[in-house]
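What follows is one structure encoded as structure tokens, with my remarks underneath.
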Amino acid sequence: MNDLADAAAVDLLTPERVADPYPVFAELRRCRPVCYNEHYRAWFIHRHDDLLAALKDTRFSSDRIRPVFEHKLSEAQRQERAPTYRILGEWMVFRDPPDHTRLRQLVSRAFTPRAVSRWQPRIADVVDSLLADLAPRGCMDVISDFAYPLPAVVIAEMMGVPATDRDLFKAWSDDLMVLVFGARGTAGRRGRAQSGLLELSEYLSGLVRRFRAAPAENLISALIRAQEGDERLTDDEITGTCVLLLFGGHETTTNLIGNGLHALLRHPEELERLRARRDAEGLRAAIEEILRFDGPSKMQVRMAATDIDVGGHLIRRHDMVYLVQAAANRDPDVFADPDRFDLQRNPTDHVGFGFGLHYCLGAAVARLEGSIALDALARRLPDLRGGPEPPEWHPTLISRGMASFPVSFTPSDGGIMA
Numbered sequence: 006m007n008d009l010a011d012a013a014a015v016d017l018l019t020p021e022r023v024a025d026p027y028p029v030f031a032e033l034r035r036c037r038p039v040c041y042n043e044h045y046r047a048w049f050i051h052r053h054d055d056l057l058a059a060l061k062d063t064r065f066s067s068d069r070i071r072p073v074f075e076h077k078l079s080e081a082q083r084q085e086r087a088p089t090y091r092i093l094g095e096w097m098v099f100r101d102p103p104d105h106t107r108l109r110q111l112v113s114r115a116f117t118p119r120a121v122s123r124w125q126p127r128i129a130d131v132v133d134s135l136l137a138d139l140a141p142r143g144c145m146d147v148i149s150d151f152a153y154p155l156p157a158v159v160i161a162e163m164m165g166v167p168a169t170d171r172d173l174f175k176a177w178s179d180d181l182m183v184l185v186f187g188a189r190g191t192a193g194r195r196g197r198a199q200s201g202l203l204e205l206s207e208y209l210s211g212l213v214r215r216f217r218a219a220p221a222e223n224l225i226s227a228l229i230r231a232q233e234g235d236e237r238l239t240d241d242e243i244t245g246t247c248v249l250l251l252f253g254g255h256e257t258t259t260n261l262i263g264n265g266l267h268a269l270l271r272h273p274e275e276l277e278r279l280r281a282r283r284d285a286e287g288l289r290a291a292i293e294e295i296l297r298f299d300g301p302s303k304m305q306v307r308m309a310a311t312d313i314d315v316g317g318h319l320i321r322r323h324d325m326v327y328l329v330q331a332a333a334n335r336d337p338d339v340f341a342d343p344d345r346f347d348l349q350r351n352p353t354d355h356v357g358f359g360f361g362l363h364y365c366l367g368a369a370v371a372r373l374e375g376s377i378a379l380d381a382l383a384r385r386l387p388d389l390r391g392g393p394e395p396p397e398w399h400p401t402l403i404s405r406g407m408a409s410f411p412v413s414f415t416p417s418d419g420g421i422m423a
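In terms of the numbering used here, the sequence shown opens at residue 6 and continues consecutively.
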């Protein structure tokens, strides 16, 4: 990029940069740590310290749905997208305090460490069942055969979604990726994505009404029961939260498992280290290094609520700002030899799940699913290796994950190894 002379127009979604964004992020972090990109009409922040400061600074607002709708869309676009923006506006990730605080306090009651730990046996059962079916085949697509079904089953069961309806969510999830993660797509696909979001919201609204009338032991009923003083969640807030959790709850874990296995297969010495050390602390450290080295989120988005100076650059009110976690997590000022994948690193300063007010609510669930899944893959498929075709990465700006990841291994009878 000629010392990033063209940083103002760099395209982060070329095939090469989708497959491996880290070289361009390193160059941007070094030469243009804070820069405006005309291609995306937004600011990008790449250094760890600057990013952490922005995540702590409430002037970088998460409430970007309403300002975008009111100030950045034409009248025709507002009419077309009003239902979509209404649904997304219920997500707590698009809210600022005090509204965000109220929502998070209520929703977080369903994600206490005790509540999450109760799902460990069921997660292990789903992993065992998936691998028992896959082991005799000798090959699989990690994403479609394992990393997607696992969290999809778990989050659906947590919510009380009937098993017969779970296949619907794959298409809806793909639709949401276009709207939420900046996936490239045609105008037709964006229209389909908006329709998919409405269908998903309508489906979940029906479940909320059902469990309000007949409560059960599931996440939706827990959200209905949640109370803080006189505060309760409205049905629209519960539906919006469920859309967010159903989508984010499995996309994050799918990408954590896929990216983690990809890193392990590219660094076989670290895979052997994981196999040799199966204690809880070793698994925990492995997940943290995966989150740092190649986590499921490339960046988070904020909007400037007022004019803000960052490193001598004036970010104007209503400017969009991308906080590039993937660049910050390889900042050499924070992490020694940051491009080395090292399961003994135990990084505590990574921002793979964000930081502060909007720290990922489902982080504990994703960590639990990821550790159980990767431990089982390492144990039960001892000669796991990359398949004949390279992985296919999703061409998304915000998230990082694969659409397809073929691997092969020696077929077995699928028995559970100790």
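Virtual Cβ for every residue (Gly too), placed ideally from N, Cα, C.
Run of the alpha helix (DSSP H) containing residue i, from where it starts to where it stops
i    : result
P20  : 20-24
V121 : 118-122
D425 : Outside the displayed range of the chain (6 to 423) lies residue 425, so it cannot be described from this structure.
D354 : It is not in any alpha helix (DSSP H) - D354 carries neither H nor E in the DSSP assignment.
D54  : 53-61
C247 : 240-271
L108 : 104-112
Y90  : 80-93
S436 : Since the first and last residues shown for the chain are 6 and 423, residue 436 lies out of range.
R100 : No alpha helix (DSSP H) holds R100; DSSP gives it neither H nor E.
Inter-residue Cα distance where the pair is residue i and residue j
i    : j    : result
D146 : E394 : 10 Å
A227 : V29  : 44 Å
L212 : V166 : 8 Å
D344 : R322 : 35 Å
E374 : P156 : 7 Å
R46  : H318 : 15 Å
K134 : V158 : Strictly speaking, residue 134 in this sequence is Ser, with Lys absent from that position. If you take the alpha carbons of S134 and V158, they lie about 12 Å apart.
L136 : V39  : 45 Å
Q232 : I243 : 13 Å
V112 : T415 : 44 Å
I160 : R107 : 23 Å
R217 : I92  : 20 Å
M422 : R384 : Residue placement at M422 is poorly supported in this model, since its pLDDT is 48, which falls under 50; the coordinates still yield a value, given next. Using only the alpha carbons, I get a separation of about 7 Å.
H44  : V131 : 43 Å
I292 : A81  : 45 Å
L266 : L348 : 13 Å
M304 : L288 : 25 Å
G406 : R83  : 31 Å
G357 : V329 : 10 Å
D68  : R127 : 36 Å
I377 : R123 : 14 Å
E397 : R237 : 43 Å
D8   : L78  : Unreliable positioning characterises D8 in this predicted model, as indicated by a pLDDT of 48, which lies under 50. The coordinate reading is nonetheless provided below. So the alpha carbons of these two residues sit roughly 35 Å apart.
I403 : E294 : 20 Å
L382 : R297 : 21 Å
H399 : Y153 : 14 Å
Limits of the beta strand (DSSP E) - the one that residue i falls within
i    : result
C36  : Note, C36: premise wrong, no beta strand (DSSP E); alpha helix (DSSP H) at 27-36.
L319 : 318-320
P411 : 411-413
V339 : Unbroken run through V339: none, as it is neither H nor E.
C40  : 39-42
V315 : 313-315
D146 : 144-146
Identified DSSP bridge partners for residue i
i    : result
M325 : A47, M308
F151 : Its beta-bridge partners do not exist; DSSP assigns none.
W177 : According to DSSP, which records beta bridges pairwise, W177 is partnered with nothing at all.
S404 : S302
R390 : S413
S66  : M308
E397 : S409
Whether residue i touches residue j by CB criterion (9 Å)
i    : j    : result
H272 : F151 : no
S413 : G391 : yes
V248 : S206 : yes
A309 : R64  : yes
L33  : A333 : no
W96  : G245 : yes
M164 : L261 : no
T259 : I148 : yes
I50  : Y364 : no
A424 : N42  : Because the chain here runs from 6 to 423, residue 424 falls outside it and cannot be looked at.
R214 : D240 : yes
H53  : V339 : yes
G196 : A176 : no
D62  : I313 : yes
D299 : N351 : no
E115 : L224 : The sequence shown places Ala at residue 115, not Glu. Going by C-beta atoms, A115 is nearer than 9 Å to L224.
L17  : P88  : no
V121 : V370 : yes
L276 : L389 : yes
L173 : F360 : no
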